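Read the structure below first, then the notes.
Residue numbers (the numbering used here), protein chains in the order written: chain V, 1 to 800; chain D, 1 to 217.
Set out below in structure tokens:
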């Protein structure tokens with residue numbers, strides 16, 4: 001044993017010397033290993049945080065929040081007296097929270113949250129982080145507004161002065177204190193929040209912790225008709241943002257594959273580079289066992305170090321992206337929860353597991369048994385993939401089966417493309433130029449060494465194309481949808497319907513049609529839903545597109561008829577003539593579905609009914625204003641002027657159609673910001689993979705190229721040939737990536753989208769931007785390949 | 001001491017079987033030096049590799065210092081290789097280690113707790129005292145071969161196998177290296193088996209064998 005450990009120490013010391021002599025190789029190896037973990041951490045960090053978000057982002061009190069008392073649906077606040085009542089009845093583990101927004105004179109907003117500051121400052125979580133992770137607040141008092149340092153620029157002018165807030169009653173400006181890790185909601189004492197927001201003792205919600213069953217029964221009794229009790233784990237957040245995080249999960253799957261290939265490649269690079277060294281050690285009497293053990297020890301240590309390094313990188317990336325995620329959640333889903341990505345040791349473990357698995361796979365693939373049965377394994381895997389694909393195409397019904405379909409598509413291409421490429425380069429080519437002959441033969445001979453890079457590029461480019469098709473199709477469909485849905489010329493925002501103004505506007509000769517928009521929030525069978533109305537008859541619903549292609553008529557509303565969005569049918573399983581019961585607090589509204597309409601981007605179930613029926617129900621409702629369609633010869637600008645001057649309407653409340661569409665489009669664009677960023681990251685990793693593959697290849701090719709140099713081939717000729725070879729291989733890979741991208745795009749649109757989001761989107765292709773993506777990748781690949789190839793071809797003849 | 005009896009070795013290329021070594025017999029007493037000559041492809045390197053435990057014979061007996069190599073498994077052959085001295089035509093120095101680290105490598109494998117007292121004396125004798133911190137790539141061919149010799153000798157072997165150690169050196173350097181190697185082996189009473197294609201170097205050896213088409217002449 002002592003002999004073995006001495007031998008291992010000697011071998012490890014030799015490996016260490018090897019890394020010292022080849023620092024760039026070490027950097028590349030570490031980078032390759034770390035990036036895989038970083039990608040994993042970034043994505044899983046975002047996903048995991050979604051699961052634990054509430055405890056981490058709120059954390060007003062030491063104890064985990066188990067329930068929330070929220071305003072009744074359709075209301076924004078609860079009476080502060082309710083909290084007093086709860087305490088009077090012995091519910092002391094309840095903390096009131098008031099939320100709102102402050103605006104600076106420059107129009108910049110700051111979301112603030114009033115809490116019990118004494119409890120908040122004593123909470124363990126903040127104390128722990130404040131000590132070693134971030135900047136703690138410099139000064140605190142009851143009037144202090146504790147703001148996250150990331151919002152500094154928003155609150156201070158260029159000369160360093162504090163930008164004053166526009167306060168409703170000219171209250172005294174708050175003292176701002178900056179600190180790290182506060183999050184999106186600035187914190188202040190609840191009394192100060194009430195003062196600043198002019199809250200009149202109202203509350204946004206009350207957090208409850210450690211409540212017993214008896215207390216819950218008591219609370220329910222006390223709040224009946226005044227507020228609603230919600231389990232913290234069963235908020236609408238989960239239901240509504242599920243699709244968004246599913247999108248990230250789909251991306252994570254691609255990330256896992258590319259990251260695994262990168263780790264695999266990194267190990268291959270370091271082993272290839274040390275091939276000669278390993279053989280020499282064996283020649284000098286080192287046993288195979290000790291060589292393998294020392295390699296395993298080295299790789300396990302490196303795996304752990306790079307997992308740590310990668311997790312840190314991923315933590316930074318995830319925090320860089322989290323603002324976009326938050327913006328999407330707040331804007332698209334109207335959710336006031338924010339995410340903060342924390343350091344998670346589980347991600348280090350995940351990265352370590354990824355690296356170790358790659359290590360095990362590479363060692364396993366080196367065994368003679370696997371090498372001998374390679375062909376059988378290939379055909380077995382191909383048959384299994386093909387069978388799974390056929391089954392999923394016919395029977396995929398849930399989110400994860402839809403994702404599995406994408407995965408099998410990827411697997412199919414991963415298995416077939418290297419074989420197809422080999423067939424392409426094995427085609428007989430009639431060339432007389434000896435250099436071209438060599439280039440052709442060399443490509444065929446060394447293609448196997450580039451397999452990993454080819455697969456990484458294939459997966460990354462294929463998924464990028466698939467994603468591009470999905471985004472483009474979504475954007476096209478959305479534009480067409482908005483074009484029809486937002487067909488009014490002017491939108492006039494208002495919180496109430498003024499019947500006199502409505503009548504006056506309707507009677508104007510310039511106005512062709514005036515509709516309203518009124519909405520009630522609630523639930524249908526525990527699914528978040530809304531019930532809306534646009535006017536008194538079917539005429540006001542003509543801009544809505546039914547999935548049947550028919551126009552909306554009065555028949556749709558007869559016999560208690562209503563319309564439901566496409567999501568109700570696909571995602572929530574309703575059919576024509578089904579009765580739905582819309583529930584809000586203790587009130588209900590029933591109707592019969594007579595048609596389904598397209599409703600892109602809405603994660604909820606949505607119902608459309610006539611105005612009178614909604615008014616007749618006892619539901620709380622929000623009025624959003626009027627939509628005005630003008631006659632064809634009327635100028636929008638002139639009519640807006642008239643609304644301001646003659647009807648005394650606030651100019652900020654008048655939105656021309658174009659601006660409204662722009663806002664809607666921006667909102668949806670936000671959804672894909674994170675997707676695009678992570679996709680770009682995956683592509684970058686694939687390129688790095690190409691770089692490392694070429695470097696590992698160079699070790700095998702050195703002798704060949706030196707012979708060519710000795711035979712009179714110039715460095716420039718060698719460089720050009722190798723670059724041409726790389727460009728050719730990448731170009732062919734890109735050619736295979738296009739059908740993969742199409743297949744993935746098809747799977748995303750036909751399976752993932754309807755199953756996960758509940759809406760159907762038509763396949764739309766932007767060939768020009770697709771070609772640009774492929775061309776860019778080929779050019780960037782050649783640029784990435786330049787350095788390793790230059791290093792390889794920069795040979796002097798005497799070096800033989 | 002080396003004993004070889006009825007040694008056969010063949011290679012198979014597809015369906016063609018090629019006999020490389022045919023029923024060889026050889027005996028080299030302890031501390032004697034043997035030069036193995038032959039044309040290219042005569043099988044001399046293959047024979048040396050079998051003696052050094054790098055290849056296994058098809059049949060016959062190979063015994064080195066009373067260890068029967070033909071009965072050894074892969075692990076036993078590795079441990080055997082660790083105890084002998086090996087000198088190669090292409091030096092086989094570990095590129096990432098310095099000259100001193102290279103010389104000490106095999107010694108450390110065999111004697112992990114012992115100090116290499118002979119190192120200073122040996123490097124002085126081989127003229128490497130100023131090159132200890134250099135990397136192999138910074139040395140000339142002759143210097144690299146001397147590093148290989150130092151590594152083999154510091155290992156305190158009873159036998160050294162040298163595979164054309166002068167193959168990359170000029171005539172003058174070849175004589176210097178062989179003279180030095182045989183001299184050092186004589187001092188230490190080490191068996192030396194050297195493969196060479198040069199007749200002019202045979203004067204330094206006690207025994208000379210010529211291989212032709214897999215048989216001794």
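Positions of the beta carbon are idealized from the N, C-alpha and C atoms, including for glycine. The model shown is predicted, which means the values in this text are computed figures rather than measured ones.
Taking every protein chain shown into account, the CB of residue 390 of chain V has fewer than 16 other CB atoms within 10 angstroms, so this residue is exposed. Following the DSSP letters along the chain, one finds residue 161 of chain D inside the beta strand (DSSP E) bounded by residues 159-163. Judged by DSSP in its simplified three-state form, residue 109 of chain V adopts strand. A direct Cα-to-Cα measurement between residue 734 of chain V and residue 434 of chain V gives close to 28 angstroms. Taking C-beta atoms under 8 angstroms as the contact rule, residue 101 of chain D and residue 17 of chain V qualify, at a distance of about 7 angstroms. Assigned with DSSP and collapsed to three states, residue 510 of chain V falls in coil, not helix or strand. Assignment of alpha helix (DSSP H) within the region 735-763 of chain V, counting only whole runs of 4 or more residues, yields no such run.
Between residue 686 of chain V and residue 457 of chain V a beta carbon distance of about 5 angstroms is seen, short of the 8 angstroms cut, so the two are scored as contacting.
Here the region 66-86 of chain V lies against the region 582-591 of chain V, with 3 or more beta-carbon pairs under 8 angstroms apart. Counting along the chain, the unbroken alpha helix (DSSP H) around residue 175 of chain D starts and ends at 171-188.
A residue is called buried when at least 16 other Cβ atoms come within 10 angstroms of its Cβ; residue 759 of chain V meets this threshold and is buried. By the criterion of a C-beta distance shorter than 8 angstroms, residue 481 of chain V is surrounded in its chain by 545, 598 and 600, once the five residues flanking it on both sides are discounted. In the three-state DSSP reduction, residue 649 of chain V falls in the coil class, being neither helix nor strand. Closer than 8 angstroms to the CB of residue 89 of chain D there is not a single CB belonging to chain V.
Taking all protein chains in view, the Cβ of residue 565 of chain V is crowded by 16 or more other Cβ atoms within 10 Å, so the residue is classified as buried.
Its chain contains 466, 469 and 470 as the residues whose beta carbon lies nearer than 6 angstroms to that of residue 745 of chain V, once the 5 sequence neighbours on both sides are disregarded; these appear in chain order. Residues of the region 98-115 of chain D with a C-beta atom less than 9 angstroms from some C-beta of chain V are 98, 101, 105, 106, 108, 109, 110, 112 and 113, listed in chain order. With respect to chain V, the C-beta atom of residue 8 of chain D has no partner C-beta closer than 8 angstroms. Among the residues of the region 267-285 of chain V, those with a Cβ less than 8 angstroms away from any Cβ of chain D are 276, 277, 280, 281, 282, 283, 284 and 285, in the order of the chain. Contact between the region 76-84 of chain V and the region 354-363 of chain V is absent: fewer than three C-beta pairs spanning the two stretches fall below 8 angstroms. Under the DSSP assignment, residue 82 of chain D falls in the alpha helix (DSSP H) whose first and last residues are 74-83.
Boundaries of the alpha helix (DSSP H) harbouring residue 215 of chain V: 213-223, taken from the DSSP string. Residue 470 of chain V has no beta-bridge partner at all, per DSSP. Listed in chain order, the non-local C-beta contacts of residue 294 of chain V below 6 angstroms within the same chain comprise 8, 11 and 12, local neighbours out to five positions each way being set aside. Counting along the chain, the unbroken beta strand (DSSP E) around residue 209 of chain V starts and ends at 205-209.
Residue 230 of chain V is bridged by DSSP to V:68.
The DSSP-derived three-state label of residue 364 of chain V is helix.
Residue 85 of chain D counts as buried, since no fewer than 16 other beta carbons sit within 10 angstroms of its beta carbon. At least one C-beta of chain V is nearer than 8 angstroms to the C-beta of residue 75 of chain D.
Shown in chain order are the members of the region 1-24 of chain V whose Cβ falls below 7 angstroms from a Cβ of chain D: 6, 7, 10, 14, 17, 18 and 21. For the 8 angstroms CB-CB criterion, residue 44 of chain D and residue 53 of chain D do not form a contact. At a cut-off of 8 angstroms between beta carbons, residue 96 of chain D contacts chain V.
Taking a C-beta distance under 8 angstroms as the contact criterion, residue 92 of chain D and residue 702 of chain V do not qualify as a contact pair. As the crow flies, the alpha-carbon of residue 267 of chain V is around 54 angstroms from that of residue 102 of chain V. A residue is called buried when at least 16 other Cβ atoms come within 10 angstroms of its Cβ; residue 301 of chain V does not meet this threshold and is exposed.
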